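Undergrad: Residue numbers (the working numbering): 182 to 398.
Just so you know, even glycine gets a beta-carbon here, dropped at the ideal spot from N, CA and C.
Bear in mind the structure is a predicted one, so any value in this text is a computation, not a measurement.
The structure's right below; bear with me while I get my questions together.
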């Protein structure tokens with residue numbers, strides 16, 4: 182198991198990485214990343230790991246970890262400046278990343294075979310700046326709830342959209358019953374998706390939610 186990046190209790194960022202061996206129950210240090218930030222990690226189909234910056238919006242590239250060499254290398258430049266931690270591995274081996282203050286620049290995907298990032302089409306239609314992703318059994322990725330940021334104001338939304346990697350496009354689907362942000366979104370074994378927890382924020386303040394909802398593809 183690979184653990185990399187993160188921040189400390191005093192708010193400083195790290196670039197160190199460690200490997201955990203479950204057979205011996207021990208940790209050992211491996212080579213560090215080139216950037217000091219919080220990262221999401223995704224295991225690729227070829228065995229490498231992709232680190233995508235979760236804390237930056239400068240368009241910093243991702244980093245790839247090769248377990249056989251213990252080394253990190255940079256990916257090509259991201260298509261859009263990215264922030265947020267919505268990342269999912271697609272059935273075709275590409276990695277979908279979503280998140281940007283401007284919804285029109287929210288979606289992009291990484292192709293490990295070409296080491297390049299490309300934009301998704303139609304993400305302006307989603308109207309979501311930041312939201313969680315989960316991969317469904319039909320091969321599509323579900324983006325449900327989150328926030329839209331406009332003129333510096335963040336609004337919690339209930340809308341949901343599907344990304345189809347076969348056409349590289351987004352399409353609207355049934356909305357949540359409760360607008361929510363910072364919630365959990367996972368696919369269940371029966372093919373449904375569960376959205377749970379999070380919060381709703383309006384002019385009177387924030388309400389933390391204990392409710393959950395099921396999405397049926």
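1. In whole angstroms, what separates the C-alpha of residue 327 from that of residue 350?
2. Spell out the partners DSSP gives residue 240 in its beta bridges.
3. Quick check: what's the CA-CA separation for residue 295 versus residue 391?
4. Taking 8 Å as the cut-off, does the region 226-243 touch the region 308-315 (at least 3 CB pairs, one atom from each stretch)?
5. With a threshold of 8 Å on Cβ separation, who are the neighbours of residue 234 within its own chain once the five nearest residues in sequence on each side are excluded?
6. Going by the DSSP bridge assignment, what does residue 392 pair with across the sheet?
7. So for residue 335, helix, strand or coil by DSSP?
8. Between the alpha carbons of residue 214 and residue 288, how many angstroms are there, rounded?
9. Please tell me whether residue 352 and residue 269 are closer than 7 Å, where the distance is taken between their beta carbons.
10. From 251, 338 and 280, pick the residue whose C-alpha is nearest to that of residue 200; which is it?
11. Can you have a look at residue 342 and say buried or exposed, based on whether 16 or more other CB atoms are within 10 angstroms of its CB?
12. Note down, in chain order, each residue of its chain lying with its Cβ closer than 6 Å to the Cβ of residue 382, except the 5 sequence neighbours on either side.
13. Residue 344 and residue 374: beta carbons closer than 7 Å?
TA: In this structure, then:
1. 19 Å
2. The partner list for residue 240 (beta bridge, DSSP) is empty, contrary to what the question assumes.
3. 43 Å
4. no
5. 216, 218, 219, 220, 241, 243, 263 and 264
6. Answer by DSSP bridge pairing: none, since residue 392 is not bridged.
7. strand
8. 24 Å
9. no
10. 251
11. buried
12. 337
13. no
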